[in-house]
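Numbering (numbering that gives the first Met the number 0), first residue to last: 0 to 371. Even for Gly, the Cβ is constructed at its ideal location relative to N, Cα and C. These numbers were taken from a predicted model, which means no experiment stands behind them.
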Amino acid sequence: MKLTEWTMEEQEQLIHFMTTNSWPYHGHEHPVRALIQKTIEEGGYQSDQVTTFWIENDEGQQVGLVKIFDLQDEIPLFDLRIADPYRGKGYGPKALKMVADFVFSLPEKKIRLEGNTRHDNFAMRKAFERTGFVKEAHLRQAWFSPKENRYYDAVTYGMTREDWQAGITTPVLWEDTVEPIKEPPFNPVLLDFPESFESERLLIRAPKREDAMQSFEAVKNSLEAFRPWLPFAQKNPDLKETEAELIEAAANFQLRKDLRLHFFSKETGTLIGSSGLHRIDWEVRKFEIGYWVDNRFEGKGYVTEAVERITRFAFEELGANRVEIRCDPDNVRSRAVAERLDFELEGILRNESISRVNNKLRDTCVYAKVRQ
């Protein structure tokens, strides 16, 4: 993703963007052309005080717009808008990080960056928190909605230059005689993240019950290749059991206990293999990637492509601090995937597992990537 500065030559483009999307948590949910035109003419999008950027994704699509204003002050503010089709896809936190990097990299060395939103705009609030902003104020009945002719509460989030430089989040210390309200314990079930995403050739998504036949056929076709390495491959697959396992896997995905992922050819819709993030430690944000591929699709780079994309998903969407790949030293295909993707071999655990072939003790290679 990147920020591309808006220019006055793009007036029609900006007017189209603002008038063809809905903005339920802004002052005007459906702004009209005349209002946007007037704002442009008055320097509301470009002036000494204001700089506006298009938010572009990796495919060059304009997924949003951010206006940074009060740039002559030591504490700039901003207005971030993500277009309707791109909401819920993780663009908000990434855009906020780029805004913070831009503001704090200005030669004037800004002190802090602020943003405000309606208290029930939970998507924006989550974006703030995931980017390292701290909630600093809750203003009762301070946000007027013309459409509903009523007031909502407003919240203010801020990031200081010191926090940005150190890559930390410093909570506000409230001095009050009232007993502070304790935050509820972290519950991963409440985490909101995409259940599907894509790579160049693959659609990668959470498992579904209707995947049973394709999964059954893939395992049946590849059973002999799986047997030395995979516990589930020690017996012939059963279609009904496969269906039951997928129902359980889909439930575990929703409960955030285990994030199994299937990957399909975008061209044909065929199930190519299975992967996912397992043995999850949400407190540490640690995940282990496992994977298998239908024998018919071996040697075409699909596993490497899927694992690379799932690794990015873990770091970018789940806030991973560590992602592991564990495999038997003799599983050369699995080791090759880890090494192609620059996972570091941290060690070999001796006599750590039992062979699925002869019940002898086996070693385990531990590869990992960590957040830099």
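Task: Cβ pair count under 8 Å reaching 3, the segment 159-173 against the segment 195-208 - done: no
TODO: Could you tell me the distance, in whole angstroms, from the CA atom of Leu112 to the CA atom of Pro184?
DONE: Taking the sequence shown and counting its residues from 1, the one referred to as residue 112 is at position 113. Taking the sequence shown and counting its residues from 1, the one referred to as residue 184 is at position 185. Distance between the alpha carbons of Leu112 and Pro184 is about 28 Å.
Task: Bridge-paired residues (DSSP) for Ile288 - done: Taking the sequence shown and counting its residues from 1, one reaches residue 288 at position 289. Ile288 is bridged to Leu276.
TODO: In angstroms with no decimal places, state the Cα-to-Cα distance between Met123 and Ile347.
DONE: On the sequence shown, residue 123 is found 124 positions in, with the first residue counted as 1. On the sequence shown, residue 347 is found 348 positions in, with the first residue counted as 1. Each residue's Cα considered, the two are about 43 Å apart.
Task: Proximity below 8 Å, CB of Arg339 to CB of Thr363 - done: As a working mapping, residue 339 is identified with position 340 in the sequence shown. As a working mapping, residue 363 is identified with position 364 in the sequence shown. Contact: no.
Task: Residue closest to Gly59, alpha-carbon to alpha-carbon, out of Leu201, Glu315, Lys1 and Ala217 - done: Stepping through the sequence shown from its first residue, residue 59 is reached at position 60. Measuring from the Cα of Gly59, the nearest candidate turns out to be Lys1.
Open item on the list: With H, G and I counted as helix, E and B as strand and the rest as coil, what does DSSP make of Met7?
Closed with: Position 8 of the sequence shown holds residue 7. Three-state result, Met7: helix.
Open item on the list: In this structure, how does DSSP classify Trp22 when only helix, strand and coil are distinguished?
Closed with: The residue you call residue 22 lines up with position 23 of the sequence shown. In the structure shown, Trp22 sits in coil (DSSP, three-state: anything other than H, G, I, E or B).
- [ ] Provide the residue(s) that pair with Gly114 in DSSP beta bridges, ordered along the chain.
- [x] Locating residue 114 in the sequence shown gives position 115, counting from the first residue. Beta-bridge partners of Gly114 (DSSP): Tyr156.
Open item on the list: Is the separation between the beta-carbon of Phe296 and that of Ala313 shorter than 8 Å?
Closed with: Here the question's residue 296 lines up with position 297 in the sequence shown. Here the question's residue 313 lines up with position 314 in the sequence shown. The answer is no: Cβ separation not under 8 Å.
Open item on the list: For a quick check, are the C-beta atoms of Phe225 and Leu317 less than 8 Å apart?
Closed with: Locating residue 225 in the sequence shown gives position 226, counting from the first residue. Locating residue 317 in the sequence shown gives position 318, counting from the first residue. At least 8 Å separates the beta-carbon of Phe225 from that of Leu317.
- [ ] With distances taken Cα to Cα, identify the nearest neighbour of Glu8 among Pro23, Thr51, Asp47 and Ala33.
- [x] Within the sequence shown, numbered from 1, the residue matching residue 8 stands at position 9. For Glu8, the nearest C-alpha among the options comes from Thr51.
TODO: Label Asp293 either buried or exposed according to how many other C-beta atoms from any shown protein chain fall within 10 Å of its C-beta, with 16 as the threshold for buried.
DONE: For the purposes of this step, residue 293 is identified with residue 294 of the sequence shown, where counting begins at 1. Burial is judged here by how many other beta carbons sit within 10 angstroms of a residue's own beta carbon; Asp293 has at least 16 and is buried.
TODO: Indicate the three-state DSSP secondary structure (helix, strand or coil) for Arg308 in the structure shown.
DONE: Here residue 308 corresponds to residue number 309 of the sequence shown, with the count starting at 1. It is helical.
Task: Among Glu223, Trp281 and Leu222, nearest to Leu189 - alpha-carbon criterion - done: Along the sequence shown, read from residue 1 onward, the residue named residue 189 stands at position 190. Selected option, being the one with the closest Cα: Trp281.
- [ ] Tell whether a beta-carbon distance below 8 Å holds between Val336 and Val365.
- [x] Here the question's residue 336 lines up with position 337 in the sequence shown. Here the question's residue 365 lines up with position 366 in the sequence shown. Contact: no.
Open item on the list: Determine whether the beta carbon atoms of Leu238 and Ile309 lie at a separation below 8 Å.
Closed with: For this step, residue 238 is matched to residue 239 along the sequence shown. For this step, residue 309 is matched to residue 310 along the sequence shown. It is not a contact, given that the beta carbons lie outside the stated cut-off.
Open item on the list: For the segment 31-46 against the segment 73-93, do three or more pairs of beta-carbon atoms, one drawn from each stretch, fall closer than 8 Å, so that the two count as touching?
Closed with: Touching, no, given that fewer than three Cβ pairs across the two stretches are closer than 8 Å.
Task: Residue of Leu229, Glu266 and Ser273 minimising C-alpha distance to Ile353 - done: Counting from one through the sequence shown, the residue named residue 353 turns up at place 354. Looking at Leu229, Glu266 and Ser273, the one whose alpha-carbon comes closest to that of Ile353 is Leu229.
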